[in-house]
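Asks:
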Amino acid sequence: MHISNMDGLDILSLKILVSLYENKSATYVSKALDIPAPKISRSLKNLREVFGDELFIRKKYGLFPNEFVTHLYPIAKQTIECTEKFQKVRAANVNHVKTHVEIAAPGLIAYAFPKALMQAIKEEQKSIHINITPWSLHTTQDIINGDTTLGICCNKSTADVAAYGDKLQTTTLQRMGKVYLIASRNHPIFKREITLETIAEYPYVNTDLGNPSTRLSPYQEFCIKNGIKLNTEITITSISSLFEYLGESQTISLLPYRVVYEMVAEIPELHTCQLSQLEAERLYADTEAPTIFLVQKNQPNRASEELVWLSEQIKKIVDSII
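The sequence shown lines up with residues 1 to 322 when you count with UniProt numbering.
(1) Would you tell me roughly how many angstroms separate the C-alpha atoms of A26 and V89, rounded to the nearest one?
(2) Quick one: using the 10 Å Cβ neighbour count with 16 as the cut-off for buried, is A280 buried or exposed?
(3) Report the three-state DSSP secondary structure of G289 (helix, strand or coil).
(4) So, I194 versus I292, is the Cβ gap smaller than 9 Å?
(5) To which residues of the same chain is F86 closer than 8 Å at the C-beta, ignoring the five residues directly before and after it?
(6) With a threshold of 8 Å, are at least 3 pairs of Cβ atoms found where one atom belongs to the region 98–107 and the other to the region 131–150?
(7) Curious, which full-length beta strand (DSSP E) runs of at least 3 residues does the region 231–271 contain?
(8) Hey, would you say L117 sits closer than 9 Å to A183, going by beta carbons?
(9) Within a Cβ cutoff of 7 Å, which residues of the same chain sit near D166, ignoring the five residues on either side of it in sequence?
(10) Judging by CA-CA distance, which residue of L310, E305 and Q250 is the nearest neighbour of L294?
(11) Hey, out of E244, Y204 and I239, whose CA is closest to K229's CA?
(12) Using 8 Å as the cut-off, can you tell me whether the region 116–136 makes contact with the region 75–85, which would need three or more C-beta pairs spanning the two stretches below that distance?
(13) Tell me G62's beta-bridge partners as DSSP assigns them.
(14) Can you tell me which residues form a DSSP beta bridge with S42?
(15) Determine whether the beta carbon atoms of Y202 and P218 lie at a separation below 9 Å.
(16) Taking the straight line between their C-alpha atoms, what separation do you get for K315 and L9?
(17) Would you please state the rounded distance, in angstroms, between the beta carbons of I130 and Q296? I believe it to be under 8 Å.
(18) Applying the criterion that 16 or more other CB atoms from any shown protein chain within 10 Å of the CB defines a buried residue, is I317 buried or exposed?
(19) Is the beta carbon of E221 sitting closer than 9 Å to the one on D286?
(20) What does the Cβ neighbour count give for S41, buried or exposed, with the cut at 16 atoms within 10 Å?
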């Protein structure tokens with residue numbers, strides 16, 4: 001007997017050897033291992049060449065192991081069990097590898113996200129790593145391409161994402177019916193009655209925080225429909241740039257996010273107040289109030305448990321800041 005190159009051995013061949021030894025039927029092994037019969041024959045031929053022995057004797061009712069196989073069997077069996085242990089260790093390691101999630105969100109929402117999300121992740125001991133980036137004009141395509149996992153956008157409708165057909169899944173998170181005014185702390189608007197009309201008497205800063213840049217804001221639409229002259233001085237997309245601009249000018253901006261109170265409290269140059277419910281209702285009487293949507297790639301029946309959990313946490317956070 002001459003043993004050939006042992007490199008010719010593979011785990012599948014050893015599995016076939018063990019199963020043939022235990023069951024003595026190539027037909028049974030084929031079904032049990034879900035391997036075509038021709039492949040069983042090729043593996044058995046390979047085993048015979050490697051060990052230089054017939055290994056199994058063909059009889060009327062199957063293949064029966066010879067004496068040499070009785071020595072190989074326990075070694076092959078142990079080898080297979082070791083490979084299964086390797087697989088379990090690998091699976092456990094995969095389970096501990098953090099799931100990387102890219103989240104795109106407007107500045108004011110992103111401001112409140114990291115701390116709240118990380119706290120929830122730690123409390124639930126989730127293996128998730130998050131990276132939050134600003135929402136941009138390219139975010140929807142990034143989601144389709146798989147570069148961004150979740151997107152949070154602020155629009156008046158789902159028209160923008162609907163243009164992508166069934167490639168995107170959109171979930172309504174929150175309708176924003178309140179309005180907050182921000183200006184420099186010593187702005188004269190705070191010394192008089194604040195209405196939609198008196199606001200228009202001062203230069204206005206439009207904010208493009210998650211909205212398409214080509215779309216008018218609700219306040220701009222209100223002024224046009226009611227014949228009110230509005231001087232829109234600039235459109236700003238960065239929350240930090242917005243605060244800096246407002247603090248150094250006599251301009252005014254309107255935002256629908258409650259979290260702005262928390263942010264402005266840390267900036268001595270700025271002041272904010274909530275418009276009355278009456279003014280908010282007037283503003284949204286003829287136009288839809290902004291709505292926050294969660295956008296992700298449409299993958300029916302493929303959403304992971306981690307992603308479902310993360311989506312639920314995002315909704316809770318959005319509820320707390322609007």
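All C-beta atoms in this analysis are idealised placements derived from N, C-alpha and C, irrespective of residue type, glycine included. All figures in this text were calculated on a predicted structure; none of them were measured in a lab.
Replies: On the basis of the coordinates in this document:
(1) The residue labelled residue 26 in the question sits at position 26 within the sequence shown. The residue labelled residue 89 in the question sits at position 89 within the sequence shown. Whole-angstrom Cα-Cα distance: 31 Å.
(2) As a first step, residue 280 is located in the sequence shown; it is residue number 280 there, counting from the start. When all chains shown are included, A280 counts as buried.
(3) Mapped onto the sequence shown, residue 289 falls at position 289. Inspection of the sequence shows that residue 289 is occupied by Ala rather than by Gly. Three-state result, A289: coil.
(4) In the sequence shown, counting from the first residue as 1, residue 194 sits at position 194. In the sequence shown, counting from the first residue as 1, residue 292 sits at position 292. Result no, Cβ atoms of I194 and I292 do not sit closer than 9 Å.
(5) Reading the sequence shown from its first residue, position 86 is the one you call residue 86. Closer than 8 Å at the Cβ level, and outside the excluded window around F86, lies no residue.
(6) yes
(7) 232–236 and 252–255
(8) Locating residue 117 in the sequence shown gives position 117, where the first residue counts as 1. Locating residue 183 in the sequence shown gives position 183, where the first residue counts as 1. No, the pair does not count as a contact, with Cβ atoms beyond the cut-off.
(9) The sequence position of residue 166 within the sequence shown is 166, counting from 1. The answer, listed in chain order, is N298.
(10) What you label residue 294 is simply residue 294 of the sequence shown in a count that begins at 1. Ranking L310, E305 and Q250 by Cα distance to L294 puts L310 first.
(11) Start at 1 with the first residue of the sequence shown, and residue 229 comes out as number 229. When each option's Cα is compared against that of K229, the closest is Y204.
(12) no
(13) For the purposes of this step, residue 62 is taken as the residue at position 62 of the sequence shown. DSSP output for G62 lists K59 as bridge partner(s).
(14) As a working note, residue 42 is residue 42 in the sequence shown. Note that residue 42 is Arg in the sequence shown here, rather than Ser. Answer is none; R42 lacks a bridge partner.
(15) Walking along the sequence shown from the start, residue 202 turns up at place 202. Walking along the sequence shown from the start, residue 218 turns up at place 218. Not a contact, by the Cβ cut-off of 9 Å.
(16) Stepping through the sequence shown from its first residue, residue 315 is reached at position 315. Stepping through the sequence shown from its first residue, residue 9 is reached at position 9. The straight-line gap from Cα to Cα measures roughly 54 Å.
(17) Taking the first residue of the sequence shown as 1, we reach residue 130 at position 130. Taking the first residue of the sequence shown as 1, we reach residue 296 at position 296. Not really, about 14 Å apart at Cβ, beyond 8 Å.
(18) Position 317 of the sequence shown holds residue 317. Classification of I317: buried, given that the 10 Å Cβ count is 16 or more.
(19) In the sequence shown, the residue the question calls residue 221 occupies position 221. In the sequence shown, the residue the question calls residue 286 occupies position 286. Yes, these two residues count as a Cβ contact at 9 Å.
(20) Taking the first residue of the sequence shown as position 1, residue 41 is located at position 41. Exposed, by the Cβ-count rule.
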